[in-house]
């Protein structure tokens, strides 16, 4: 009976409150409910932070990362019919779908601006087999380290270590042999260690 | 010294970045909307592209059908010259201009009681010269002989006008052989219709307007627009237009009758307003009946959503009435609001098949009744709502 207190003009909000977020999101992407501007904003506000975190791993510039995230949302809103929310954890499935769109958007942007892979800079760095990291290290510092890598190395590192792609998948996605993907990953790790020692390790050790 | 255990760098980076999220600020949503709207404006819409293609095709057809034949000029000119040149000469007054002038002057002379001398000299001079002064000086000479100055003046002023009409007709015949001469009927036409008749000229374009009620499985809407029809041959014609069309689409949902607490959405309706550019090809089977096949691309300019909400509740007659039977009743309300589901989108639209019938009673009014059915194509084909529609378009043509 509490529902009557809201009156019919606020019904939409009432229904949304009654439903679990995950079910509601799955309903939207299953096409049961039309995607209104209000619902778009709801999804945007919920996932913007996550997608921004993903995008910033791929592109050094924060403004470029924002553009990638916004492009990804436009794609997601336009192609919501292709999303199928099957499975128990619909929130995770939806998040994975959005992250995948963001990664692809970032790689597409990289492709359009792509030049020859720059491996010269990293080759000159000293090889460090293992480096311990201070767990108080700030995320912004970590992003700075990533941005110190050549584009292709950074992307391969992200795809393999953070998105869970295999070298074969990376090879297909980036249009490079899978053996090259392995090499780029090794060089990326080597570069990160070298950059850490050079800029952060030395700073913290005094 | 920091005694905390440390992770290997790569593992530590992975863990930190995997859970990294930026803090959301509402200004980001506004920025997103601005960016999206800006990008929507950048590419040339499908709507404009189709209009451009339609206009190009229209111009090509127009040029090939109407303008190119006009360049074949010699034959037309040859047909017209003899008849137009000879006919004025056969007219009695043109064959013997002297008699005309003499007759007309004679009446005046009779009134003035002076006949032959003046009329003959005037007639001769009228044919050779157009200056009153010359006539007076050379032929009539002395003031004493010139007894009819008014009559002379009258003849001299009228003669060049008669000649100019004849000459003008000849000139027009040469320059625009297919243009009909301005008739007495045309002179009586006034206002817009006269302008239309003039502007229509030899092109054969028929300008029309239409009113179109449209039916879908979710209701009726109204549309209308203007169009231009160009005949391609005796039976074929093409038509392109622009118009506004309304359409009601939607979906119904099953209500849960066991839920007597919450309002349930049992239906959604979207009232769509669209600007369309219909392009069609018409084939006339008979004088009164023709068929048409066309494409109707459109852009959505209005999207109004109505949610149909229903609540079930149990009611009884009450103790005083003695009826204590419980009844389940449903109450419906409607909630309207602007929607962005289709708003601003451009679609390939519909394939439209129609028949066109002109009842004999309405033939003089140039009214065509056109029942049609429009089948969605492109993205609309797979849309969650059913876009199939039909109706009867009532079309008026200026002919």
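Protein chains in written order, with this note's numbering: chain A, 1076 to 1281; chain B, 80 to 478.
Virtual Cβ for every residue (Gly too), placed ideally from N, Cα, C.
Within-8 Å CB hit, residue i to chain A
i: residue 466 of chain B; result: no
i: residue 408 of chain B; result: no
i: residue 126 of chain B; result: no
i: residue 86 of chain B; result: yes
i: residue 91 of chain B; result: yes
i: residue 326 of chain B; result: no
i: residue 107 of chain B; result: yes
i: residue 80 of chain B; result: Since pLDDT at residue 80 of chain B reaches only 44, below the 50 mark, its modelled position is unreliable, and the value read off the structure follows with that caveat. Not closer than 8 Å to any Cβ of chain A, the Cβ of residue 80 of chain B fails to qualify, so no.
i: residue 395 of chain B; result: no
i: residue 114 of chain B; result: yes
i: residue 475 of chain B; result: no
i: residue 314 of chain B; result: no
i: residue 444 of chain B; result: no
i: residue 102 of chain B; result: yes
i: residue 97 of chain B; result: yes
Nearest-angstrom Cα separation, counted from residue j out to residue i
i: residue 473 of chain B; j: residue 302 of chain B; result: 11 Å
i: residue 416 of chain B; j: residue 383 of chain B; result: 6 Å
i: residue 465 of chain B; j: residue 139 of chain B; result: 36 Å
i: residue 1211 of chain A; j: residue 337 of chain B; result: 56 Å
i: residue 354 of chain B; j: residue 108 of chain B; result: 29 Å
i: residue 388 of chain B; j: residue 1143 of chain A; result: 39 Å
i: residue 1133 of chain A; j: residue 129 of chain B; result: 39 Å
i: residue 1137 of chain A; j: residue 463 of chain B; result: 38 Å
i: residue 445 of chain B; j: residue 368 of chain B; result: 13 Å
i: residue 450 of chain B; j: residue 1116 of chain A; result: 43 Å
i: residue 258 of chain B; j: residue 379 of chain B; result: Low confidence applies to residue 258 of chain B: its pLDDT is 39, below 50, so where it sits in the model is not reliable, and the reading given next is rough at best. C-alpha separation (whole angstroms): 44 Å.
i: residue 93 of chain B; j: residue 431 of chain B; result: 57 Å
i: residue 1179 of chain A; j: residue 1173 of chain A; result: 10 Å
i: residue 362 of chain B; j: residue 447 of chain B; result: 14 Å
i: residue 1241 of chain A; j: residue 305 of chain B; result: 60 Å
i: residue 1226 of chain A; j: residue 371 of chain B; result: 58 Å
i: residue 133 of chain B; j: residue 1217 of chain A; result: 56 Å
i: residue 409 of chain B; j: residue 343 of chain B; result: 10 Å
i: residue 1186 of chain A; j: residue 1250 of chain A; result: 10 Å
i: residue 117 of chain B; j: residue 1184 of chain A; result: 19 Å
Inter-residue CB distance, residue i and residue j (contact presumed, cutoff 8 Å)
i: residue 137 of chain B; j: residue 309 of chain B; result: 7 Å
i: residue 125 of chain B; j: residue 425 of chain B; result: 4 Å
i: residue 330 of chain B; j: residue 1208 of chain A; result: Not a contact, Cβ separation roughly 54 Å.
i: residue 1147 of chain A; j: residue 1177 of chain A; result: 4 Å
i: residue 285 of chain B; j: residue 476 of chain B; result: 5 Å
i: residue 332 of chain B; j: residue 340 of chain B; result: With a Cβ gap of about 17 Å, residue 332 of chain B and residue 340 of chain B do not count as contacting.
i: residue 1170 of chain A; j: residue 89 of chain B; result: Actually they are not in contact, since the Cβ atoms of residue 1170 of chain A and residue 89 of chain B sit about 24 Å apart, beyond 8 Å.
i: residue 428 of chain B; j: residue 377 of chain B; result: 5 Å
i: residue 1135 of chain A; j: residue 1222 of chain A; result: 4 Å
Within-8 Å CB hit, residue i to chain B
i: residue 1120 of chain A; result: yes
i: residue 1262 of chain A; result: no
i: residue 1124 of chain A; result: yes
i: residue 1193 of chain A; result: Confidence in residue 1193 of chain A is poor, its pLDDT being 46 and thus under 50, which makes the residue's placement unreliable; the coordinate value appears in the next sentence. No, because no Cβ of chain B sits closer than 8 Å to the Cβ of residue 1193 of chain A.
i: residue 1239 of chain A; result: no
i: residue 1231 of chain A; result: no
i: residue 1111 of chain A; result: yes
i: residue 1186 of chain A; result: no
i: residue 1178 of chain A; result: no
i: residue 1257 of chain A; result: no
i: residue 1217 of chain A; result: yes
i: residue 1271 of chain A; result: yes
i: residue 1171 of chain A; result: no
i: residue 1207 of chain A; result: yes
i: residue 1149 of chain A; result: yes
i: residue 1268 of chain A; result: yes
i: residue 1244 of chain A; result: no
Does the count of Cβ pairs from the region 436-443 of chain B and the region 375-395 of chain B closer than 8 Å reach three?
-> no
Sufficient close CB pairs (3 or more, under 8 Å) joining the region 402-409 of chain B to the region 445-456 of chain B | no
Evaluate the contact criterion for the region 1255-1262 of chain A versus the region 97-104 of chain B: three or more CB pairs, one atom per stretch, below 8 Å.
-> no
Three or more beta-carbon pairs under 8 Å between the region 341-353 of chain B and the region 311-319 of chain B, yes or no?
-> no
For the region 319-329 of chain B against the region 291-298 of chain B, are there 3 or more C-beta pairs whose distance is under 8 Å?
-> yes
Interfacial residues, the region 286-309 of chain B to chain A, with Cβ spacing under 9 Å | none
Residues, ordered as in the chain, of the region 1127-1140 of chain A that lie near chain B by beta-carbon distance below 7 Å | 1127, 1128, 1132
Using a beta-carbon distance cut-off of less than 7 Å, what residues from the region 409-428 of chain B approach chain A?
-> 412, 414, 418, 419, 420
Residues, ordered as in the chain, of the region 448-466 of chain B that lie near chain A by beta-carbon distance below 8 Å | 461, 463
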